[in-house]
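Trainee:
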Amino acid sequence: MVKLEIGEKFRGKKIKDIKKLSNGWYILKTENSKSAEDFKVRTIFSLKPLRSITPKHAHFAIDFYGKLCANREKAMKVFDAIIEVWNGEPVDEVYRKYSDDVKNLPGYNLEYILYALKWILEQEDINFKGRPQKKQEQLDEILKRHDIIVPKGREGSELAISLFCEIASGVHPVEALIRANLDVIPRKRGR
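Going from the sequence shown to the numbering used here is simple: count from 1 and add 336.
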């Protein structure tokens, strides 16, 4: 049986933080190798049998697109909630504020989206080393069209937020991922 506690190991990596969600899933931060502060986000759906994934931008982009197709008004509340968390609002408060508004949307529940993205976006900021000026200007323009101001120190995760902005504007998630230069082509393991 897997022991899920801070300091224990999950798949060979030390657990740095853990959050148990109301649906029984766990989100973990495990050590990673880019820097001393770096971490990997893992989601555990089941302990027995053990089922887990490393959540990626594509998971949330496609989920958001599905929500937009089902109910644009409710999906935009999910978008607003993501932006509030990105701006530093506590996840539990944002979740309480929006959970009733987004009930019955297909796909991931809001609690999972907010906790997972909070850590994924934090990870991007930790590992950010800068980007070309032209690309930065493009991202700034995308966010500006949605009246979103980049919080101080959040330039690394601005790319992911621009992805959600593009999808909210009607861009297909695959096209938005390609524009953002994020992985959409499967990679074979062991290469």
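Even for Gly, the Cβ is constructed at its ideal location relative to N, Cα and C.
Predicted, not measured: the structure shown is a model, and the values here were computed from it.
Leaving out five residues on either side along the sequence, give the residues of the same chain with a beta carbon under 8 Å from the beta carbon of P487.
Mentor: W422, N423, G424
Trainee: Have a look at I418, A411, E341, P468 and flag the residue whose alpha-carbon is nearest the alpha-carbon of V438.
Mentor: A411
Trainee: Taking the straight line between their C-alpha atoms, what separation do you get for E474 and R378?
Mentor: It should be noted that the sequence gives Gln, not Glu, for residue 474. About 30 Å.
Trainee: With which residues is T366 paired in a DSSP beta bridge?
Mentor: I351, K376
Trainee: Measure from the alpha carbon of E502 to the alpha carbon of each residue in K480, R490, E458, G489, then state which is nearest.
Mentor: K480
Trainee: Between which two residues does the alpha helix (DSSP H) holding I503 run?
Mentor: 494-504
Trainee: Threshold first: 4 residues or longer. Then list the alpha helix (DSSP H) segments lying entirely within the segment 427-495, N to C.
Mentor: Along the segment 427-495, the alpha helix (DSSP H) occurs as fully enclosed runs of 4 or more residues at 427-434, 446-463, 469-480, listed in sequence order.
Trainee: Please classify L383: does DSSP put it in a helix, a strand, or coil?
Mentor: Shown here, L383 sits in a strand according to DSSP, grouped into three states.
Trainee: Checking the sheet assignment: what are the DSSP bridge partners for S388?
Mentor: I380
Trainee: Check whether the Cβ atoms of F346 and L364 lie closer than 8 Å to each other.
Mentor: yes
Trainee: Measuring straight from C-alpha to C-alpha, what distance separates D476 and L457?
Mentor: 17 Å
Trainee: Evaluate contact between the segment 438-450 and the segment 397-406, counting only Cβ atoms and requiring at least three cross-stretch pairs below 8 Å.
Mentor: Segments in contact, yes.
Trainee: For K392, tell me which candidate among D428, K370, D483, L499 has the shortest Cα-Cα distance.
Mentor: L499
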